Structures are given as C-alpha cells and as structure tokens.
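Chains as they are written, first to last, in numbering that gives the first Met the number 0: chain C, 0 to 539; chain W, 0 to 328; chain V, 0 to 326.
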Amino acid sequence: MSLVEVTDLSISFGDVHAVRGLSFSLEAGGALGVVGESGSGKSASAYALLGLHRGTGAKVGGSVRVAGVDVQAAGDAELRGLRGAKAAMVFQDPLSSLDPYYAVGDQIAQVYRVHHRVSRRAARARAVEVLDRVGIPEAVRRSRSRPHEFSGGMRQRALIAMALACEPELLIADEPTTALDVTVQAQILDLLHDLRRETGMGLLLVTHDVGVAAESVDDVLVMRSGLAVERGPVAEVLGTPREPYTKALLAAVPRIAPAARAAVGADPVAPAGRAAEPERTGAEAEVLVEAADVRQVFGRGKSALAAVDGVSLTVRRGETLGIVGESGSGKTTLGRMLVGLLEPTSGRIGRAARVQMVFQDPVSSLNPRRSVGESVADPLRARGERDESAIRARVRDLLRRVGLDPEQYDRYPHEFSGGQRQRVGIARALAAEPELIVCDEAVSALDVTTQAQVTALLAELQQELGLALVFIAHDLAVVRQVSDRVAVMRRGRIVEEGPVERVYGDPADPYTKQLLAAVPALDPALAAVRRAARKELAAA
Amino acid sequence: MSGFLLRRLGGALFVLLALSVVVYAAFYVAPGDVAQIACGPRCSPAQVAQVSEQLHLGDPVYVQYAHFLQALVTGHDYSTGTGVVHCQAPCLGLSYQSGQQVTQLIVAKLPATASLAVGAFVLWMVLGVGTGVLSVWRRGRVTERILTGITLAGMATPVFVIGLLLIIICVTALRILPFPDYVPFTEDPEQWAWNLLLPWISLALISAAPYARMTRASMLETLAEDHVRTFRAYGVGERTIVGRHALRGALAPVIALGALDVGSMFGGAVLTESLFGIPGVGRELVEAVKQVDLPVVVGLVLVTGFFVVLANAVADILQAMADRRVVLS
Amino acid sequence: MAEALLVEEMGAVRAPTSGAHPFWRRLRARRSALVAAAVVALLVLLALAAPLLTGIEGQNPTAYHPDLVDSATGGVPLGSFGGISAEHWLGVEPLTGRDLFARVAYGARVSLGVALGATLLQVAVGVVVGLSAGLGNRFVDQALSRVTDVVVALPVMVTALGALAVVPAGFPRPVLIAVIVGLVGWSGISKIVRAQTLSLKSRDHVAAARLSGWGSWQIARRELLPALAAPVITYAVLLFPANIVVEAALSFLGVGIKPPTPSWGQMLSDADTWYQAAPTYLLIPALLLFVTVLALTVLGEGVRTALDPRAASRLRIGTGRKKEAGA
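Shown next, in the form of structure tokens:
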C-alpha cells in the first residue's frame, strides 16, 4: 500500500475552491514535489494530509490516506497519533513556527512525549540527539536556547529536528526554504537530501520554486488553480514538459546559466541578448547618480550597526546596474539612499537626474484608501499641476503604457493582483518623468510568470524612454537577466562589481562563488554535480 | 539587562522630578492668595503672613521650588511662632489643618491602602485570568458568551455602584458581614481580613473584567499564531495548547497591567476607601481636598505619582523579562 | 489558520468588496450593537428633551416639595417606592422632595455633556501629541514621550481632586470638569496615534508620496490622518463611557458637580446615606449609570469589530484602564 494515497481531494474555503479533484500517491521512501504558483492549492493540499483543516471551517471532500490512516474518517485521537509520529510537517517561516517562550529542546521533547511514554529526561536526551543530527553545533547547550537566539537556517534545522524526533515515515515540507537566503537554502536542501537517504522516509515537498524541486525530489506534480496539471519524474517534466502551462512556467523561470536558456528554447520574456548591445552601456554615457564612500549607521553606541559601510558606485544614463545580496547585506538601505529617502550618515551622493523608486511590497506601496489613479497622479499634483482633465488624461496614458486598463482609474488597490499593483507602482514612478528608477526587490513578491512579465515591461520602458535602472534583488538569476553591470553586496560592502557576464561567468570573490554555487539548478543531474561542488566549497 | 534597568530607572527619576515641577507649579503658582488658601479661611492676617514666609512666597518661583526640593532632600525647620519644628527628609511640609508633618501623615495611611491593594490584587488576578482562560477553553460555546457578557457588565459598573449594592445585600439585607471597619493587620489578622472582605470583593469584581478581556484577547491572538499550528500538526492536544502555549503567550501583557494597577492602587483607591471608610491614602486625599489642605494634597499627589512611575518601570521590566523577544535597549 | 491559508493561497483573486460600506454592514450584523445603539439614542433623547419631558410631567429639577417627605422620619418620601405617582414619575428626593425624574433627566445632560466634552478634548490633544511624536525627530519624540509619562503618572482622579481645589468657585463646574478630565486623560490616544504613525511612516506608500515631492504636512493629511481615523474613533467610543464614570466618581466624592446642578454621580453621593430608608433614590441613578455605560461599552465593542474585524483582537484597549486609575 502506498504511503500517501489521495483520491479526488477537494478543499473549499467558503465559496472559494482551493483544490478541485486532486489525486496522487506517494510510495514509501519516495519524494514528490508539488510545484505551483500562489493560488494553486498546493499548501492547502499538504495541510489536508494531516487533517489540519479540521475545525477551521474549510470543507474537505474526497479521501486521504496517510501511512494507513484514513485522515478524513479518523477520530481526533487517531489523527493526533498520525500527526508528528507517522507524518511530520516542516513549515515555511521557522521563526513563527516555534513557540518563542520555550527552549527549542523543550519543544522537541514535548512533541516526543506526546507520542512516547518516556520520562522528561529521556525526551530531552532525544531532543539533543536529533538537534545534533541536523547539524546544530553544541546541541546540548543550544537545546536550552529559545528560537529567537537561533539564526534563520538554524531555526529551520531545529524544526526539521522536531520532525525527525519520532522517526516519521513521511516528511511534509511546506515551502521549507522560502524564507531563507540562497546559501542557507542550499544547506537545508542538502540536509533534507542526506536525511532522506539515511532514514528512508518519504518526502512531500511543496514549493513555488521549480529549482528547489529539481534539487530534492524524484517525482514532481505541477498544480494550477486547484488542479493537477502534469505529473512525472522530475527530469522528464522539467526537461520535456508536455502541458502548455508547465512549458510557460518553465520558460518564465529566470536562468542563471546562459546555456540553460537555450535548452528550453526561445525565451519569450527575458530581454534577449543583453550582451549584444554593449554600446548602450558605454563608459562615456552621462553619470546620473554617483555615490562616494557612503555609510549608513543605525543605532548608536554599542548597538550601532553599519547597514551600508563605505560603498561607492556610479549609475550612467540608459544602463542597468544590478545590486545583489542576501538579507542584511544593506542593499535596500543603499537603494533608499540613492533615491534620497535616507540621508547617508557619511559620504556623499550626487544626483544629476530625477530619481524614482519602485517598491518591493505590492500591498504596502499603494495607499489602500486612495484609488490607483490618484496614486499615479500624485507626482503630477505635487508638481503643481492643477488642470484635472490634463491630470486624468496623463494618468490614463500611463496606466495604458504599463499594460493596465485606463478605465481602472477609480479602482482601489485591493481590487488588483500583485503584478497589477506593481504595474501601478511603475506608472506612479513614470509620472514623475524620471531618468533613473531604483527597483527595490520589485519582482520578488511575484509569481514567476508575473515576475517575467514585469521585468519585460521594465526592459521595454527602459529602451523606449532611455531610462537607467538600479535593480536590487536577492535573486541572482533575475539580476542576471536584466542587468548590464552587477554589484554583489555582503555586510554593507560591495565585494565584487563588474559586467554581468564576467561576474557570473568568472567570479573573483569567494563569496560570489559561494552564492552562485548555492542557486538551485533546474536540471536534476546538474543539481547533483552542484551539490558535490557545494560540499567541496564548504570543506575548503 | 543592567543597562536597560539603569536607563529605565533614570527615566523614572526624571518623570518624578518633572511631576514635582508640574504639581508644584499648579498648586503654588495658581492664581489666588496661596497663603490664605493654605492657611485656611479663618486665619488672621498675621497667621497668613507667617504661612507666606514659611512657604517662601515672597521669593521668585524657582527659588520657592528650590526650597521645596531642598526640604524634600535634607529636611526643613519650621518656626511655629513659639518654637521650631524639625521636619525630617523627605520633608513634604506641614499640614496647615492639623499641623502634622505630611510625610508622617502619609506613612501612617499606607498600611491600610496596602492591605486593600494586595488583597484585591490577588483576588482579581485569580478571577480575571481564570475567567479569561475559561472563556478561551470553552470558546464558541454558551459558556463563552455568558462569561463575555458578565465581563462587559463588570467593565460597565463603577466601583461605588457595586460597592453600594454589596453593602445593601450583605450588610443590610442578609446581615452576613459587618459594615467594614478597618482593623490593622498587626492588631488582629482575622478581623483585618473579615473587615476587608467587602472592599476586596467590590474592587476585585470590577478590576477583574479588564484582565479577563485581555487574557482572552491575547490568548486568542496567540492561538492564531503559526507556532500553535506547528503543535497541532505534531499531535499535541488542545488542553496543552491552550494551557501551556496560549496562556504563556498571553501572560506578559497581563503581568504588566497587573503591576500598573497595583501601582495606582498604592496611590490610593480613592473611591473604595471613601465608600468603605478605610483610613488609607485615597480617603486622606479626599479629606485634604475638601479642607483645602494644600501641603497634604501636594504631598499625596507626589506620592501617588511616585507609585505610578514605579509601577510603570516595574511593569516594563516585568514585561521585558516575561517576553524575551523584547529587545532590551 | 484557514484565513491565513486562504489569503496565502488565493493571493489577489479574492472577491473585491462592493455595495454598502462594509463598516455599516458589519455593525448592523451585530444585534447587541444595535440594541446598545438604541439605548444610547434613548438616553441622548432624554438629555436633549429634558425641559420638554419635565414640562409634560409638570415638574422642574430644583423645586422643593417639603409636603411630600415625612419630616418625622428625617425626610423619607411619603408613599410607596420613594413616592412614585402620576405627578412624580420616579418619586421624589428624600429630605427636599425635589422631583427625581426631572433631576435624572437634567442629570443626563450634565453626565453626557461633560463626558462628551472631555472625550473631544482628549482626542484633540492625543492626536496632536501622538502625531507630532510620530512624525517629529528623535528629540521631539523623546520629549513628548516624557511629557506623556508625566501625564500618565497624574491619575485623572487625583489631579482633578487637586485642581478643583485651586480654581475659583465661580467657574462653571461642568466645563471645568470636562477640561480637567480632557487634559489629563489623553495619553491612551496619543500612544495609539504615535504607534500607528510610526508603523504607517515605514510603509512604502508614504515613501512614495515623499518621492512624489509632497511635504510633511501634506503627507500627514493625505497618507496618515485617514488611516488614523479608525483606531482613534474606536478608542474614543470606549473613552466616552469611561469619562462618564470619572465624572460620576468625582461628583460622588463631592468634588465634581456641586449640588444645585444635578448629575448622576452627585445623586448617588447623596443617596449613599439613604440606601436603607429610600432605596429607589439610590437604585435609579445607579441603574441609569450602569445601563448607560454598558450600552456605550457594547456599542464601542461593535464599532471596534466593525471598523477592523482583524484588529479587534490585536488592539488591546478597553475602558478598564481609566476606571481603575481612581477606583
């Protein structure tokens, strides 16, 4: 009998049908990746495996069998016996997934004692054992720490340790690396890989990131709008997709290696052949913004932290400068200084151009109480434009230009999707007629297909209006796709800067190398090679 | 941690100093003949002049304040016409009604106030937190609705209304309790408790309501957090989740509120003390105001302020200790 | 969990809200809030129409009726239930024989009026202080936070007791009490406004407005104030009943509204000594006070959940704090 047997599963919240007639199975010891964009119903399906929808008002239909337990029919006690003991779950955000008030070791011990009649001491010992197994150094001491004293990666390891405590037959991982930096993500995926080989447990990995799935599973199931689109061995589905949606999804994924782009055929989205127009980025183009040894220090005294620590750079007319770095590298702070939202603590920023910004969060970047048209009109009104019909006409033009319906002038932000809101944000930036736009993680919150459309729009606008772009992102592949030059940031400093092809093709700095090695590959075979390379780098 | 403590206590000291300036300014620089008011309406011009000199009313305001502060720190000698009365530091002046030293007067009133505050505190914490936990445990059922209703009614009832009702019921109608007559703990602990029972219950009944609400609200908030989902997904039972994880998460704000309330109680539960005739700080304040005994009022407001500031600092520290996620800076 | 999951899964395809403003829809959906609103409306009507109603009754709040009280027992009203009759709907006051209905009706004017004035003042001061602290630089914020600390350390009751002693007797008492309560009770509002301003200030749409070229004042007006309305209204609706209690308590202690002017607290204060001989004299104002505060609290709850159903549990505010300060 299969480890997981899902037949005709449907889940609805009120009148929203999150999952419709989903069926799949997973054999003992197998690894299945469930891949889909937001709204595909992938997380809701994973929750149904443990009966977590019970008592929440969600309607669940069909049948779910996990490790011999009929989840739909099981009583509360039987279900509790399944949860944690036979099938354990790892969640997306490791900080909020652990109780902040108790030591990590105590929380693991508590879970262990739910399923095993052992003494407190024995349970504590088991907690230390699993913490040690997932690679937490000084496990005895660290087991007494509370979650906030751990780093993000360590917390996710602790959560995985909790999952391991009762030796489950199935591990369900719901976006386990989404909240993590790329280098940490690689470590966690490697850990999952090793654990699976060692314990023989089954893995169900839910992710939006095709690359993460390619690294970790044997089979993949692509979902869209609550339906299964395609299922098969991972190499097959990613290598030779059959369904149009899978093809489109794969095409939208930004590639880090130029060779990979050719492999999936013509890329309809990315501004192809960036390197083919080097004349645009000539060193003789006019300098728009120049930062000279800027520093930004937050806090004072002992707690002072230099978010940006002596950065110098220039942005020239018409070029795209990519700034890439992990969380805490200071890239967002640098961006805010470039546009003038933050004054540098020391150093100088010279601006010879009008500068605007496109923000990361499509929810908070628009005032929810004002119509999108009014938001776009803001720069016009602020400039002193009083003629209402002129303002309306200009705003409608701008909305049309970014691919929105100008009739949506009077709509409010909550009526738009994330991608559409980013388009509104771009229209607002354009209204100020800037020569340079700083995009701060402008596409990070979007699904890959939307992400591709928005980056394409930016590239189009750049060519048409001769804009310069500063493209700040944590995603190395996206930065590669759009940039002419790239700066790699770490701990407030630029560790490496140069033309994209050079930095990505022949990185000089060890940190850049480490970053590039950590990016998940879409090709499972390549992933194995990279895993080996990472081990080597780590050993070095 | 010690740095945080120091900064917090430094801030408290500053607030106290500012408080003394405000109180001093409000009462001594107010329009009207302060000496006449302070001395009382029946004082002769000569007595008024004497008061005026004792209060240094001829001096500029800042000098007056300096004298006031100096008396607070080093003590002060008052001439009464026939002799000299030494008022030890911290000297808050002399009452012009009774001639007593304000500091001694207040110190004498503190035990009664403390008796009321501590007893009521224990009772309302148990009652409030218990009600909150119970309504979360029985959420979505009739019990929760009933408890929520009772809590709302508790919040809507002024203490003097419930106190009067309790007196009518327990003292007049049922005759099961005596009309409260404060007996110091040191004299007779049993009579002390017996006589304070009604005030404790009145105060606890109305004070428990906000605690029940806050406990319930923060527990529900904690129950909506991700880590509760984790423990559900690992087969932990509902009883453990509510009793261990949700309650622990809700405790920090409840403890902080408790510290604040005890602080303001120590400053005198004005209404309760007046209603039940408890000779505490609060009733003394009402008497002083009615008799326009300014030095006593000033002293009491300062002492009250001291307890509130102290409670604020303690509440912050307790909250920081209870919730280690708070960055101590 | 279902909700979080729904948001996560459904992303932006959630159905847009349309039709009547959701606030009124949600408020109407709460039966308790509707009942409470009706009760509050009745009370306000009682206060506004006090001259008219007492005119119909044929009484006024200050006329003595010594013939209606029994001088032999020290002034207990004649007749059952405190002398309730067709001429005196709620009976008469012991000792003086003044009409209780008229005093209750006129007392409603004072009690509600003082609380309203105090609440408006608290909101005005609280918003100004909170907004300045939230928008100002470190120094301004620190200074205002200290000022707020000092005000918090001055409990409403204590300050009011003290201040009443120094203000000349000729000053109209209701106005004075409204001002005192208003000037010392704004710290809750200012703290909420400051916290909200700080959190709003870091939102990207405020940064975008700055990049658009707006000045601080325009940003405050366009981006911040509209977002502050909901929490401020919520808190104000809960402050209002608390202020009624504060006024009643002051009057109860004999340092609030002075005798010729009726107020519920002042009536309770007088009734304190009559609870055995004339219980209705005590029960009527006590019950009115209870019903008024309860209705306003329930209404406040309704408004709070209707304004922001999700924040309802997050904003831990209640009428309790003020009351305890002087209890």
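Beta carbons: idealized from backbone N, C-alpha and C, even for Gly.
Quick caveat: nothing in here was measured; it's all calculated off a predicted structure.
Counting contacts by CB-CB distance shorter than 7 Å, is V/ASP269 in contact with chain W?
Start at 1 with the first residue of the third sequence, and residue 269 of chain V comes out as number 270. No, V/ASP269 does not count as interfacial toward chain W.
Within a Cβ cutoff of 6 Å, which residues of the same chain sit near W/PHE178, ignoring the five residues on either side of it in sequence?
Residue mapping note: residue 178 of chain W aligns to position 179 of the second sequence, counting from 1. For W/PHE178, where only same-chain residues beyond five positions count, the Cβ hits under 6 Å are VAL170.
Output yes if chain C places a C-beta closer than 7 Å to the C-beta of V/PRO225; else output no.
Taking the third sequence and counting its residues from 1, one reaches residue 225 of chain V at position 226. Chain C, which has a Cβ nearer than 7 Å to the Cβ of V/PRO225, makes this yes.
Interface residues of chain V around C/ALA381 at Cβ under 7 Å?
Position 382 of the first sequence, counting from 1, holds the residue named residue 381 of chain C. Per Cβ cutoff of 7 Å: SER211, GLY212, TRP213.
I'd like to check one pair, C/ASP7 with C/SER22: are the Cβ atoms closer than 7 Å?
Sequence index remark: in the first sequence, residue 22 of chain C carries index 23 (1-based). Sequence index remark: in the first sequence, residue 7 of chain C carries index 8 (1-based). Cβ distance < 7 Å, so C/SER22 and C/ASP7 count as in contact.
From the DSSP secondary-structure annotation, give me the bridge partner or partners of C/GLY35.
On the first sequence, position 36 is the one that residue 35 of chain C refers to. DSSP output for C/GLY35 lists C/MET222 as bridge partner(s).
Check whether the Cβ of W/GLN318 lies closer than 7 Å to any Cβ atom in chain C.
What you label residue 318 of chain W is simply residue 319 of the second sequence in a count that begins at 1. W/GLN318 does not count as touching chain C.
Can you pull the chain V neighbours of W/LYS289, defined as C-beta to C-beta under 8 Å?
Counting from one through the second sequence, the residue named residue 289 of chain W turns up at place 290. What W/LYS289 touches in chain V: GLY253, VAL254.
Starting from V/THR247, find everything on chain W with Cβ-Cβ shorter than 9 Å and list it in chain order.
Against the third sequence, residue 247 of chain V aligns to sequence position 248. It is worth fixing the name first, because residue 247 of chain V is Ala in this sequence and not Thr. What V/ALA247 touches in chain W: PRO157, PHE159, VAL160.
When you compare the CB of C/ASP360 with every CB in chain V, is at least one pair closer than 7 Å?
Here residue 360 of chain C corresponds to residue number 361 of the first sequence, with the count starting at 1. Yes - at least one Cβ of chain V is within 7 Å of the one on C/ASP360.
Output the distance between the C-alpha atoms of W/GLY236 and C/ARG79, rounded to the nearest integer angstrom.
As a first step, residue 236 of chain W is located in the second sequence; it is residue number 237 there, counting from the start. As a first step, residue 79 of chain C is located in the first sequence; it is residue number 80 there, counting from the start. Each residue's alpha carbon lies about 8 Å from the other.
Could you check whether the Cβ of C/LEU49 sits closer than 7 Å to any Cβ belonging to chain B?
Protein chains C, W and V are contained in the structure displayed, whereas chain B is not.
Take C/PRO506 and list the residues in its own chain whose beta-carbon comes closer than 7 Å to its own, dropping the five residues that flank it on each side.
Your numbering for residue 506 of chain C matches position 507 in the first sequence. Excluding residues within five positions, the ones whose Cβ falls inside 7 Å are GLU495, LYS512, LEU515.
Please check if any C-beta of chain C sits within less than 7 Å of the C-beta of V/ALA229.
Counting from 1 along the third sequence, the entry for residue 229 of chain V is found at position 230. No - not a single Cβ of chain C is within 7 Å of the one on V/ALA229.
Per DSSP, what kind of secondary structure is C/ASP98 in: helix, strand or coil?
As a working mapping, residue 98 of chain C is identified with position 99 in the first sequence. Coil at C/ASP98, not helix or strand.
Considering C/ARG347, what are the terminal residues of the beta strand (DSSP E) in which it resides?
Locating residue 347 of chain C in the first sequence gives position 348, counting from the first residue. Segment 345–350, the beta strand (DSSP E) holding C/ARG347.
Does the beta carbon of C/GLN355 sit closer than 7 Å to a beta carbon anywhere in chain V?
Within the first sequence, the letter at position 356 stands for residue 355 of chain C. C/GLN355 counts as touching chain V.
Could you check whether the Cβ of W/ALA34 sits closer than 7 Å to any Cβ belonging to chain V?
As a working note, residue 34 of chain W is residue 35 in the second sequence. Not an interface residue.
Tell me whether C/GLU434 sits in a helix, a strand or coil according to DSSP, three-state version.
Locating residue 434 of chain C in the first sequence gives position 435, counting from the first residue. Three-state result, C/GLU434: coil.
Per DSSP, what kind of secondary structure is W/PHE275 in: helix, strand or coil?
To locate residue 275 of chain W, count along the second sequence from 1; it is residue 276. Residue state, collapsed to three classes: helix.
Give me the residue from W/LEU309, W/SER134, W/PRO294 with the minimum Cα distance to W/ILE145.
Within the second sequence, the letter at position 146 stands for residue 145 of chain W. Out of W/LEU309, W/SER134, W/PRO294, W/SER134 has the C-alpha closest to the C-alpha of W/ILE145.
Along the alpha helix (DSSP H) that carries W/THR150, what are the first and last residues, could you check?
Taking the second sequence and counting its residues from 1, the one referred to as residue 150 of chain W is at position 151. First-last of the alpha helix (DSSP H) with W/THR150: 141–155.
Measure how close the beta-carbons of V/VAL122 and V/ALA235 come, nearest whole angstrom, since I'm counting them as under 8 Å.
To locate residue 122 of chain V, count along the third sequence from 1; it is residue 123. To locate residue 235 of chain V, count along the third sequence from 1; it is residue 236. Right, the Cβ-Cβ distance comes to about 5 Å (below 8 Å), so this counts as a contact.
Taking DSSP as the reference, what is the three-state secondary structure of C/VAL252?
The residue given as residue 252 of chain C occupies position 253 in the first sequence. In the structure shown, C/VAL252 sits in coil (DSSP, three-state: anything other than H, G, I, E or B).
Taking the beta carbon of W/TYR61 as the centre, do at least 16 other beta carbons fall within 10 Å, making it buried, or is it exposed?
The residue given as residue 61 of chain W occupies position 62 in the second sequence. With fewer than 16 Cβ atoms within 10 Å of its Cβ, W/TYR61 is classed as exposed.
Go ahead and label C/PRO232 buried or exposed: buried means 16 or more other beta carbons lie within 10 angstroms of its beta carbon, across all protein chains shown.
To locate residue 232 of chain C, count along the first sequence from 1; it is residue 233. C/PRO232 comes out exposed.
Taking the continuous beta strand (DSSP E) assigned at C/LEU21, which residues delimit it?
Numbered from its first residue, the first sequence carries residue 21 of chain C at position 22. First-last of the beta strand (DSSP E) with C/LEU21: 15–25.
How many whole angstroms separate the CB atoms of V/LEU273 and V/SER110, which I take to be in contact at a CB cut-off of 8 Å?
Here residue 273 of chain V refers to the residue found at position 274 of the third sequence. Here residue 110 of chain V refers to the residue found at position 111 of the third sequence. With the sequence shown as reference, residue 273 of chain V is identified as Trp, and Leu is not the correct amino acid for it. No, V/TRP273 and V/SER110 are not in contact; Cβ-Cβ is about 20 Å, not under 8 Å.
Should W/GLN100 and W/LEU93 be called a contact, given that it needs their Cβ atoms to be closer than 7 Å?
Mapped onto the second sequence, residue 100 of chain W falls at position 101. Mapped onto the second sequence, residue 93 of chain W falls at position 94. Yes; because the gap between Cβ atoms is below 7 Å, this pair is in contact.
Could you check what DSSP says for W/THR171 in three-state terms: helix, strand or coil?
As a working mapping, residue 171 of chain W is identified with position 172 in the second sequence. It is helical.
Who are the neighbours of C/VAL371 on chain V, taking C-beta pairs under 9 Å?
Working through the first sequence from its first residue, we reach residue 371 of chain C at position 372. Here the premise fails: no neighbours, minimum Cβ distance about 11 Å.
From the DSSP output, in three-state form, read off V/THR95 for me.
Looking up residue 95 of chain V in the third sequence gives position 96. Looking at V/THR95 - three-state DSSP - the assignment turns out to be coil, as it is neither helix nor strand.
Residues of chain V with CB under 8 Å from W/PHE3, in chain order?
Reading the second sequence from its first residue, position 4 is the one you call residue 3 of chain W. Ordered by position in chain V, no residue passes the 8 Å Cβ test against W/PHE3, which lies about 16 Å from the chain.
Answer yes or no: do V/VAL174 and V/ILE243 have a C-beta to C-beta separation smaller than 7 Å?
Your numbering for residue 174 of chain V matches position 175 in the third sequence. Your numbering for residue 243 of chain V matches position 244 in the third sequence. Not in contact: V/VAL174 and V/ILE243 (Cβ atoms no closer than 7 Å).
Would you call the CB atoms of W/HIS244 and C/LEU97 closer than 7 Å?
The count along the second sequence starts at 1 and reaches residue 244 of chain W at position 245. The count along the first sequence starts at 1 and reaches residue 97 of chain C at position 98. Not in contact: W/HIS244 and C/LEU97 (Cβ atoms no closer than 7 Å).
Verify the contact flag: W/GLN96, CB atom, against every heavy atom of the ligand ATP, threshold strictly below 6 Å.
Within the structure as shown, the ligand ATP is missing, as the structure has no ligands at all.
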